[in-house]
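To start, the structure itself, in structure tokens.
Protein chains: 2
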Amino acid sequence: MSQPWVPFDDRGLAYGDGVFETVLLHDGQPVLWQQHVERLLEGCQRLMIDPPSPAALSATWQAAPTVGWEVLKIIVTRGSGGRGYAIPDVAAPRLMSRRVPFQPDSSAWSQGVSVRICSLRLARQPRLAGIKHLNRLENVLARQEWQATDYREGLLADNHGLVVEATSMNLFWEQNGCIMTPTLDQCGVEGTLRAALIDAQLVTPAQLAIDEVAAVDRLWLANSVQGVWPVNALWTAEGAPLRRWGAPRHDPLQAVAHPLLGYPATS
Amino acid sequence: MSQPWVPFDDRGLAYGDGVFETVLLHDGQPVLWQQHVERLLEGCQRLMIDPPSPAALSATWQAAPTVGWEVLKIIVTRGSGGRGYAIPDVAAPRLMSRRVPFQPDSSAWSQGVSVRICSLRLARQPRLAGIKHLNRLENVLARQEWQATDYREGLLADNHGLVVEATSMNLFWEQNGCIMTPTLDQCGVEGTLRAALIDAQLVTPAQLAIDEVAAVDRLWLANSVQGVWPVNALWTAEGAPLRRWGAPRHDPLQAVAHPLLGYPATS
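Heads up: the sequence lines are chains A and B, in that order. Going by our numbering, the first residue of the first sequence is number 1, and it counts up by one from there. Going by our numbering, the first residue of the second sequence is number 1001, and it counts up by one from there.
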């Protein structure tokens, strides 16, 4: 499949100086598009990158009509130039995108997934928290902690011991009938599905210590591409079992989240 | 000038999944080459990237004979592929390089420079500390804090208030006749000149609170490309003067460092 290329001196390559989005397309139409645009613009503003126009962003998916599910990846970099870390006086940001076919894992929706806790602790950097920037080595290192396919994801805490997210998904938990998700003002990525669920007043940001995650009533991982995965088993980084959760008849998170994505709720 | 390009799915662009080096060339010969190779290999090992061969690395400067100073930039990325943050089963790392002419700033050697303290505080991530990886948004954001050319650099502390480095140089200070440089086990880049000066037993790693930096007997910034810049004035992030230092006849750091780089010591 043809794809765009960037030169050696692009600052996205040189420094991770840019942001990206991963957008679910259903029959050629983007899902949660407004949330993706808002996060991308927020990221550009935080990094002081001149943002692409709404029309240029929409052009990334308006090209060819398709049927079924795809994932659209969009990258915006500050472009080339500058002297070292100093940005160019007049920067010309690059907007690039690519679409690939996608098949959601519906068995994870109904049967749930097994996850482990990562050893790596995320650093706290409020200047970069929340946005989907291109500095993702912590996620890459965390994802290298396991190869076994029986773990579908790894949970990440920050270096104060607070739960943040999974390597590529947001985290949600239920306690006393309330559904909560970690506050992400120190690190982590504010997922677009997470934002939509907070807007829908289904979910409340809160803090959860990694030592208390095994005690919650329910645990889920979710993002705007994969949908909602109930967690059915939690393991330590050393491979010891920490907790199992049953599969209740009704899933209140999927019931709200999956219609937002065009996915069926499994219960 | 022609330069290499990387595809959209290169992990260096996607995640900053790689390392780089910036090497001074003198008449076509690399300066502190062994230190650059060692740091690059250490970076690859920490990120679990299959390292380039010594012959491939040397080929980046063995091509064309030149006269004078150049800067050689080398980038190694993990290459393309993988599923999201998960690395590919068989990765094919990319090695790229580019040479550009360079002129060191000899007036900064003799007259010293004016620097400011940055507002941004570096996050502490021991898994990434020391290596010259491609996740450099903190440096980019810090460098955006000022435009005035009368500040040549900005000092960075970590979020515990300890001095780490400048945005693109290491920091050295003298107190009671000893020359020290910040320990870099939590964040920061271990410069190759810094490594050579520690090996030469001229410099000792130590801790220094940002609140105490104005009280040191001397302060320098240095790296393997620019050489050693004595700091002659220090300013707060808000632009208030903190300290001025005189220009003593003998500079003990330049006296050892500049011969290592092929630069003259100014005293």
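C-beta: ideal position from N, C-alpha, C; glycine also.
Name the DSSP beta bridge partners of residue i, please?
i: A/L25; result: A/P30 and A/E70
i: A/F102; result: A/F102 pairs with nothing; no bridge assigned.
i: A/T181; result: A/P205
i: B/P1241; result: B/W1235
i: B/I1117; result: B/L1155
i: A/E272; result: Chain A is shown only over 1 to 267; residue 272 of chain A falls outside these bounds and no answer can be derived.
i: A/R83; result: A/A86
i: B/P1230; result: B/W1220
i: A/N170; result: A/A222
i: B/M1096; result: B/I1075
i: B/P1054; result: B/P1054 pairs with nothing; no bridge assigned.
i: B/P1007; result: A/W5
i: B/G1018; result: B/T1077
i: B/Q1175; result: B/C1178
i: B/H1036; result: For B/H1036, which the question treats as bridged, DSSP gives no partner whatsoever.
i: A/H133; result: A/V19
i: A/V189; result: A/G130
i: A/L122; result: A/D158
Around the C-beta of residue i, are 16 or more other C-beta atoms found within 10 angstroms, so that it is buried, or is it exposed?
i: A/C118; result: buried
i: A/M1; result: In this predicted model, A/M1 has a pLDDT of only 46, less than 50, meaning its place in the structure is not dependable enough to derive any value.
i: A/E138; result: buried
i: B/D1010; result: buried
i: B/N1170; result: buried
i: B/V1213; result: buried
i: B/Q1207; result: exposed
i: A/H250; result: exposed
i: A/R124; result: buried
i: A/A55; result: exposed
i: B/E1190; result: buried
i: A/V225; result: buried
i: A/Q254; result: buried
i: B/N1135; result: buried
i: B/P944; result: The first residue shown for chain B is 1001 and the last is 1267, placing residue 944 of chain B beyond what the model contains.
i: A/V67; result: exposed
i: B/E1021; result: buried
i: A/N176; result: exposed
i: A/E238; result: exposed
Quick one: which chain A residues come within Cβ less than 7 angstroms of residue i?
i: B/S1168; result: G84 and Y85
i: B/R1127; result: L120 and L141
i: B/R1124; result: A123 and N159
At a CB-CB cut-off below 8 angstroms, which residues of chain B make contact with residue i?
i: A/D185; result: Within chain B, no residue comes near A/D185; the closest Cβ sits about 13 angstroms away, beyond 8 angstroms.
Could you check how far apart the C-beta atoms of residue i and residue j are, in whole angstroms? I think they sit under 8 angstroms.
i: A/T192; j: A/H36; result: 5 angstroms
i: A/R94; j: A/V216; result: Not quite, the Cβ-Cβ distance comes to about 42 angstroms (not below 8 angstroms), so this is no contact.
i: A/L277; j: A/V164; result: Since the first residue of chain A shown is 1 and the last is 267, residue 277 of chain A is not available in this structure.
i: B/S1114; j: B/W1235; result: 7 angstroms
i: A/W245; j: A/N232; result: 6 angstroms
i: A/G12; j: B/L1013; result: 5 angstroms
i: B/I1210; j: B/L1162; result: 7 angstroms
i: A/G154; j: A/R116; result: 5 angstroms
i: A/V23; j: A/V76; result: About 13 angstroms separates the two Cβ atoms, so there is no contact after all.
i: A/R143; j: B/A1091; result: Actually they are not in contact, since the Cβ atoms of A/R143 and B/A1091 sit about 13 angstroms apart, beyond 8 angstroms.
List the residues of chain A that residue i touches, going by C-beta distances under 8 angstroms, in chain order.
i: B/G1016; result: Y15, G16, L134, N135, R136 and L137
Using the beta-carbon of each residue, which ones in chain D are nearer than 7 angstroms to residue i?
i: B/V1006; result: Annotation note: the requested chain D is absent from the structure, which comprises protein chains A and B.
Identify the contact partners of residue i in chain A, using a Cβ-Cβ distance below 9 angstroms as the criterion.
i: B/Q1144; result: L47, M48, Y85, A86 and I87
Starting from residue i, find everything on chain B with Cβ-Cβ shorter than 9 angstroms and list it in chain order.
i: A/D9; result: Q1003, K1073 and R1098
Query - Members of the segment 87-120 of chain A that neighbour chain B once the beta carbon cut-off is set at 8 angstroms - result: I87, M96, R98 and L120
Query raised in the report: Going along the segment 1219-1252 of chain B in order, which residues come within less than 7 angstroms of chain A, judged by CB to CB distance?
Result: none
Query raised in the report: Just by C-beta distance, which residues in the segment 62-76 of chain A are closer than 9 angstroms to chain B?
Result: K73 and I75
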